[in-house]
Ligand SMILES: [Zn+2]
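Here it is in C-alpha cells:
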C-alpha cells in the first residue's frame, strides 16, 4: 500500500493518470483558497506543500487544450473519457474525506477540490462544441458501428441530464437539493415535517420540471425519465407489474414466516464482539471472497459504501459491537459491489458503455453475495469454524443453525435500512407508489405523511409514531433522488434469478460455499454480468444470463425456503 496516496498498488498508468488529475484539481482548489490560507501555508505538511508548489507551476504554465479529433464521435469519446477520469477523482476525494478523518484545514481543501471537480465535470460536457458534436452524431448515428451506437445513446442521455438542460434549471435544482438536504437534516431529529415541507415542495417541483423535459426528449413519461436517471432502460411498466405481484403476495408471506418463527425456539443472541476483532475478520472474509489486498482496501466510514474500479476498489464498513454478524453481511454486500466494479470491461474504460449498467444491476451483485451466498446455512457452516477460531469462542450460539436463524429472522418494522430481507420490499413499494404520484402531480408533498401512514398499515400492518420514523427517514427525497428506490428490490429479485441459474450451471453450489471456494461463482458472474458493462439493458442482461425474464418468483421461493427453518 502506498502510504502517501492511500492507493493500492495496481495498474501504474491508471494510478498516474488519477494522481495527475488529483494534483490538478487539488492544485486548482488550493489556488482558490490561497487567499484564505496565507498564514497556514508555511506550516503545510510535505504532501500539501508539493500540491502548493504544483499550483505555482500550473499557474505559470497555463493548461493546453486538446486538439480536435477527426470526427464528432471521437471528440465525444475524449470528452467522456475526461469526465470519467474526473468522476474517479471525485470518488477518491470523497473516499479520503469519509475514511481518513482529515484535519479541518485539509477538509476545507478537499471540499474545494470536490467542488472544483464537479465544475470541471460539468464543463467537460457543457461546452457549446459538445452540443454540436451530439447533434452531428444524432444526425449520422446509423454510420456508427453497433457498439458505437450503443455508447452514443448512453452519451446522449448523460449529456441531456447534465448539460442538455437549461442552465437555470440545473442551478436551481442543485441549490434546492442542497438546501433540501440541510433543512431535512435539521428538521428530522424533531420530526418537524412542516419545517422541511417548503424545501421538499421546491425539490419535487423542480424535479417534475426536469423529468417532464427529459420525458419529452426521450419519448417517455416523466416518472420513467426519473427512474432512468439511476436505472437506465428499466421500464416502469415492469416495475409496476412486479411490485403489483409482490404487493398481493407479501402480507401472506410475512404472516406465514413470522407465525412459523414465533412458534419455534428463538435464536440465541450473540455476545458483543470488539471492533478490532471484527476488523480482522472483515478483512479475512473480504480476501476469501476474492478481493485481494493488492487491488482492494477495507476501511471505516459512517455509512458503508464501495467505490473505485478495476485495479483500485475500496469498500468501507461501520463496526457495531453488538451486531457483528450483520456487520459481516454488510461487508459481503459491499464486496459484491466491488467485485462488479473490478471486472467491468477494460477495453471500454472511460466510456459510458464500460460503466456498470445501473444502480439496480449493481444491487443484483451486492445482494447476490450478501443474501444468496452469505445469508445461507452453507455459508454459516463455512463461517462458524472461522468465528470459533478467530474469536476463541465455543458455544451453541455459534453453531451454523443458530447463526442462520439469527440472520433470517423476520419482523415488520418502521425503518427501511434496518428491515429484514422479507419485509424490505414493502418499504420500497410504498416509496415507489408515492414518488410516481409526486412526479405526475396527483400527490402533493404536504399530503405525504397521511398516505405514508396508510401504506405502512396496509403493507406491514404497523402504525407510524412520528415523521422521523415515517416519511422523513430517508435521505433520498430531501436530496431530490426520485426514481432510485426500485433499484434495491430489483437488485434482490435479480440476485435470486441469477442464483437459480448459477445453481444449474455450477454443480454442487452449496458444497463450494461450505468449503469457501468462491472462484467459480465469481467467474460465472463476471462472464454473465460484469464483462458486459452497459452494452445491454439490465433486463436483457439478466435474460441473457438466465434464459428467463426477471420475475418475483425465484425471490419469493428463496426467502420462503431460507426463513421457514
Ligand atoms: Zn448496495
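Residue numbers (my numbering): 1413 to 1977.
A virtual CB, placed ideally from N, CA and C, is assigned to each residue, including glycine.
Quick caveat: nothing in here was measured; it's all calculated off a predicted structure.
| query | result |
| --- | --- |
| Three-state secondary structure (DSSP) of residue 1531 | helix |
| Residue 1745 Cβ short of 7 Å to ligand 1 heavy atom set | yes |
| Contact test: residue 1778 Cβ vs ligand 1 heavy atom, cutoff 7 Å | yes |
| Residue 1534: CB within 7 Å of a non-hydrogen atom of ligand 1 | no |
| Backbone CA spacing between residue 1588 and residue 1619 [nearest angstrom] | 10 Å |
| Among 1609, 1674, 1775, nearest to residue 1718 - alpha-carbon criterion | 1775 |
| DSSP beta-bridge partners of residue 1481 | In DSSP, residue 1481 forms no bridge with anything. |
| Spatial distance of residue 1958 from residue 1792 (CA atoms) | 27 Å |
| Meets three-Cβ-pair contact criterion under 8 Å: the region 1858-1877 and the region 1583-1599 | no |
| Residue 1944 beta carbon near ligand 1 (any heavy atom closer than 7 Å) | no |
| Other residues of its chain near residue 1970: CB distance less than 6 Å, five sequence neighbours each side excluded | 1908 |
| Closest residue to residue 1547 among 1653, 1729, 1567 (Cα-Cα distance) | 1567 |
| Which residues DSSP lists as bridging residue 1708, in chain order | 1725 |
| Residue environment, residue 1915, which counts as buried when at least 16 other CB atoms sit within 10 Å | exposed |
| Between the CA atoms of residue 1881 and residue 1764 - distance to the nearest angstrom | 38 Å |
| Spatial neighbours of residue 1976 in its chain, beta-carbon cut-off 6 Å, leaving aside the 5 residues before and after | 1672 |
| Near ligand 1: residue 1970 beta-carbon under 7 Å from a heavy atom | no |
| Contact under 8 Å by Cβ, residue 1847 with residue 1903 | no |
| Short CB-CB distance (under 8 Å) between residue 1558 and chain C | You won't find chain C in this structure, because it holds only one protein chain. |
| Inter-residue spacing [alpha-carbon to alpha-carbon] between residue 1724 and residue 1748 | 15 Å |
| Identity of the residue in 1533, 1827, 1758, 1789 nearest residue 1885 by Cα | 1827 |
| Enclosing alpha helix (DSSP H) for residue 1575 [first to last residue] | It is not in any alpha helix (DSSP H) - residue 1575 carries neither H nor E in the DSSP assignment. |
| The region 1849-1863 / the region 1818-1834 touching (three or more Cβ pairs under 8 Å) | no |
| Residues sharing a beta bridge with residue 1720, DSSP | 1725 |
| DSSP-derived helix/strand/coil call for residue 1947 | coil |
| For residue 1525, the three-state DSSP class (helix, strand or coil) | helix |
| Contacts around residue 1526, its chain only, beta-carbon distance under 7 Å, and the 5 residues preceding and following it disregarded | 1502, 1505, 1506 |
| Residue 1973, buried or exposed, once every other Cβ within 10 Å from all chains shown has been counted against 16 | exposed |
| Simplified DSSP state of residue 1643, which is helix, strand or coil | coil |
| Any non-hydrogen atom of ligand 1 closer than 7 Å to residue 1888 Cβ | no |
| Own chain partners of residue 1698 with C-beta closer than 8 Å, once the 5 adjacent residues on each side are dropped | 1708, 1710, 1727, 1743, 1747 |
| Candidates 1557, 1943, 1571, of which the one nearest residue 1760 by Cα | 1943 |
| Alpha-carbon to alpha-carbon, residue 1883 and residue 1859 | 11 Å |
| Counted within 10 angstroms of its Cβ, other Cβ atoms place residue 1469 as buried (16 or more) or exposed | Low confidence applies here, because residue 1469 scores a pLDDT of 49, under 50, leaving its location unreliable; read the following figure in that light. The residue in question, residue 1469, is exposed, as its Cβ has fewer than 16 Cβ neighbours within 10 Å. |
| Validate contact between the region 1530-1548 and the region 1493-1501 using beta carbons, cut 8 Å, 3 pairs | yes |
| CA-to-CA distance, residue 1929 to residue 1810, given in whole angstroms | 22 Å |
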